[in-house]
Structure formats: structure tokens, C-alpha cells
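*Asks:* Under this note's numbering, residue 410 is the last one in the sequence shown; the count climbs by one each step, no gaps.
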Amino acid sequence: MRLPYRRPFGNLICSAVASVRSGRSRVRRIAEVRPEDLLDRKPVNLARAGLREIPRGPVLVTGAGGSIGSELCRHIARSQPVALVGVDQSETALYEIDRELRAAHPHIRFYPEIGDIRDTRRVEEIFRDHAPRSVYHAAAYKHVPLMEAHLFEAVANNVFGTRNVARAAAESGVHEFVLISSDKAVRPANVMGATKRLAELVAMSMAGACRTRFLAVRFGNVLGSSGSVVRVFHEQIARGGPVTVTHPDMRRFFMTTPEAAQLVLQAGAMGGQGEIFVLEMGEPVRILDLARKMILLSGLKLGRDIEIEFIGIRPGEKLFEELSAYEENTVPTPHPQIRVLAGAAVNASELGRGLEALRMATEARDAVRAIQWLEQMVPDYHPSDWLVRRAFDDRLQCAYA
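(1) Check the DSSP bridge columns for Tyr150 and list the partner residues they point to.
(2) Who are the Cβ neighbours of Glu162 in its own chain at under 8 Å, not counting the five residues just before and after it?
(3) Return the CA-CA distance between Arg111 and Leu207, expressed in angstroms with no decimal places.
(4) Compare the Cα-Cα distances from Gly277 to each of Leu224, Asn356, Ala140 and Ala357 and report the closest residue.
(5) Please state whether the Cβ-Cβ distance between Glu9 and Gln381 is less than 8 Å.
(6) Would you kindly report the start and end of the unbroken beta strand (DSSP E) that includes Ser191?
(7) In whole angstroms, what separates the C-alpha of Gly361 from that of Ala212?
(8) Spell out a yes or no on whether the stretch 314 to 330 and the stretch 387 to 402 are touching, meaning 3 or more CB-CB pairs, one atom from each, closer than 8 Å.
(9) Any chance you could list the beta strand (DSSP E) runs of at least 3 consecutive residues sitting entirely within the stretch 267 to 350, in chain order?
(10) Taking 8 Å as the threshold, find out whether the stretch 124 to 142 comes into contact with the stretch 176 to 184 through three or more Cβ pairs.
(11) Please classify Ser143: does DSSP put it in a helix, a strand, or coil?
(12) What three-state label does DSSP hand Arg196 in the structure shown?
(13) Just curious, the alpha helix (DSSP H) that Val239 is in, first and last residue?
(14) Using a Cβ distance threshold of 8 Å, determine whether the stretch 261 to 269 contacts the stretch 292 to 300, with at least three qualifying pairs required.
(15) Tell me which residue opens and which closes the beta strand (DSSP E) that Leu224 is part of.
(16) Buried or exposed: Met201, going by 16 or more other Cβ atoms within 10 Å of its Cβ?
(17) For Thr71 versus Val174, is the C-beta spacing smaller than 8 Å?
(18) Between the C-alpha atoms of Thr204 and Arg313, what's the straight-line distance to the nearest angstrom?
(19) Span of the beta strand (DSSP E) holding Asp97?
(20) Should Ala106 be labelled buried (16 or more other beta-carbon atoms within 10 Å of its own) or exposed?
(21) On a Cα-Cα basis, can you pick out the residue from Arg172, Pro115 and Glu109 that is closest to Asp128?
(22) On the DSSP bridge list, what partners appear for Val211?
(23) Under the rule that 16 or more other beta-carbon atoms within 10 Å means buried, what is Arg87, buried or exposed?
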């Protein structure tokens, strides 16, 4: 179940560098565009007197080498925790944040732990060795088109990896477990969103069953994060274009990386049990307007220096994202720009039975059954036509193999 993809961004960069050296490049020096310059609102500063400080530790961050995980590590390190544990399956990403933190905070005990959250034994080892007080779970597969093409990997990582970490947190007596979720979990139209919503349900189902506080935070699109549209546009502008936009009416909520990290930490400070937090991010931004703004801020003129090309919506993408569903009531918090969702209670037994069926379908590589169980556990999930068609095609091929 794989989609054809263009060359990875890393290859594009290498190609651009090679072209520069050969004198054939259209790559140009462009003005630096800061993520906060692209917001149609003033960035939110979530630091506010009266809220509890960031936990002093030991603190554990999964996905510590990623954009959000590494930013969380930076913010937590400034509070001088007893210990900070960074978990990631990427050796290179973990090495980089390790070097950065050791240089910036030499007196902090930072423990880089290579590990895959899908590996139950490894997760248990890490919790046993470090006994964290607080856990920020940022490890996830997040790219919509890639996850649409890799259903089983998305389920294994985003759902069962989350369950592994949440169970280890509960069994270790962790004080708070904060899940980083996504606006794509609201009425999901793709595998990524469905698995993130299911991850929310996994965490919420454990709320109240032990002393650990289970919370979740929903993000909009994080400007400048790995694979974000801003990075893609910047690379395309540097190469002379065209800048590719999927649809002229596509809109997204955006936030900066510091806003995202602060939202996670403040949610952990304010949250009670089984709550989902969202940041007031103003009106969603039209991607076309974002592209035009980036071209302008880069010192170029649309139509003369560079063009915009519409390439069509990809499988699983929606024109508009939401931060909450109609059935979810939002209530204010001590911070005026953070709201909390109060959804329906989760039946842990029923969810457990569904998860077991989903696990069996995933291990059997039965995409049709896996999609059906995702739909049953996430009733407002509407799988893409591409995914359903591909799943049934694969089943038909297996039947006649």
C-alpha cells in the first residue's frame, strides 16, 4: 500500500547544491523568513504568573529528536530539572539534541535513550531505569500522505506505541502523561488523524484508573517543523519555483514551535484528568496566502520571479481542519488563550476489545479489517476513497495469488 512519491526534500537539496557547483542552478539567496512573520496574529506567550512551574523532573520526552520533542527539551532544560530523558528511534536526531543540550546546559543530566516506542520491553527498560515523574509523548508518525500509504505502520506506532508508553507511565507511577495530538484527529479523513484520535482515546481510557494524570494537547500545523509546508515552500522558492499548492481554498491552523512547546507544558501544569487542550489560534490561514506571503517576504515578486502551481489535493487531505468537534464542549482555563475540551467518557473495556481486533488485523496485514476497526472505534473517521480502493485491491490480489 504505497503511493508514488517525488524525491525526498533531502535529495532536492543535494540536487540544488550540485547544480550550484556546476553553474546550472536557479538557486538564489533569499531573505530569511521567520515563522512568526507568517502568522496573521500576534504569537501567544503562554508563560503566565500563577501557573505551576515546569516539573523539575525527572522528565521524559519521547520523540525527543523531532521538532516538537526537541523544543520541549529546550524549554524543560531551562527549568533545571533533576534529570531529562530523551527517547527517540533516530540515532542522528537524538545525537544532535544531546550535543545541543550539553553545550547549552552542561550542568543538566540529560540521558539520550535510543528506543522504539513499539518495543514494549525497551519502553519498560527506560521507565525502570529512570523512573520519570512527568512524560511528554511527542513520538508519532505525522505526515498525512505517507501514513495514508503506510496504514499498518501508522497504527503500530501512533496507537500501540502510545499504549506502550501510557501503560509504562501508569505502572511506574508517573504524575502526568501529556499526549501531543493533532487537529487532524477531529473528524479524521485520513489514517494519520484516525490513529491520533485513537491515541487520544487510549490515553483518556486510562484516566482515573491510576494515580497518573492523562492529558492530551491538540496542535494545529507547526510552522517550521520538519516536513512543514514552510520548509517545503522555502526550498521551492530557493530553487526558483514553482511553489506548489494543493488547492486554492485549502486552509490550516498554524502555530509556532515555541507556542506548541509552551502549550504542552502549560497543559501539564493546569490539567486535571482526561482533558484535551487546544490553543486559540485565530482564524485558519489559507495556504495560498501563506505561499504569496513567503514569496513577498523572500524579496521576490509573484509572476515575475516565481510562479505558484496547483497540484491537487492528495489522498486523505481535507480542505479545512478543526480543533474540536460539535459534540465536544470547550471551557476556559486559567489562561485566556487555552481552552479545554470535555468529551464523552471512554469505555475502557470496549476500547480494549477493539484494540485487540485492530492489533490482530494489523499483524495479519489485513487492511480492510484494520480500516473497519478504525471506523468502529473512531465513528467520525471517513477513510479516503484511495485508501479503501487500495485495501480491497490488495485483498483481491491476495485471494488470486
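A virtual CB, placed ideally from N, CA and C, is assigned to each residue, including glycine. All values reported here derive from a predicted model rather than from experimental measurement.
*Replies:* Walking through what the data contain:
(1) According to DSSP, Tyr150 shares a beta bridge with no other residue.
(2) Taken in chain order, the residues that qualify are Tyr150 and Met156.
(3) Rounded to the nearest angstrom, the two C-alpha atoms are 36 Å apart.
(4) Considering only alpha carbons, the answer is Leu224.
(5) In the structure displayed, the chain extends from 10 to 410; residue 9 sits before or after that span and is not available.
(6) Run containing Ser191: Glu185 to Ser191, per the beta strand (DSSP E) assignment.
(7) In this structure, the CA atom of Gly361 is about 12 Å from the CA atom of Ala212.
(8) Yes, the stretch 314 to 330 is in contact with the stretch 387 to 402.
(9) The beta strand (DSSP E) runs lying completely inside the stretch 267 to 350 and spanning 3 residues or more are 284 to 288, 317 to 319 and 338 to 341, given in chain order.
(10) A contact exists between the stretch 124 to 142 and the stretch 176 to 184.
(11) Reduced to three states, the DSSP call for Ser143 is strand.
(12) Of the three classes helix, strand and coil, the one that applies to Arg196 here is coil, per DSSP.
(13) Where Val239 is concerned, the enclosing alpha helix (DSSP H) stretches over Val238 to Ala247.
(14) Touching, yes.
(15) Per DSSP, the unbroken beta strand (DSSP E) holding Leu224 starts and ends at Arg222 to Phe228.
(16) A buried status is given to Met201, since no fewer than 16 other beta-carbon atoms sit within 10 Å of its beta-carbon.
(17) Val174 sits close to Thr71, with the two beta carbons spaced by under 8 Å.
(18) Near 43 Å, if we compare the C-alpha coordinates of Arg313 and Thr204.
(19) Counted as a single uninterrupted DSSP element, the beta strand (DSSP E) harbouring Asp97 occupies residues Leu93 to Asp97.
(20) Position check: residue 106 holds Ile in this sequence, whereas Ala was assumed. Ile106 is buried by the Cβ-count criterion.
(21) Checked all of Arg172, Pro115 and Glu109; the closest Cα to Asp128 is Arg172.
(22) Paired residue(s): none; Val211 is not in a bridge.
(23) Exposed.
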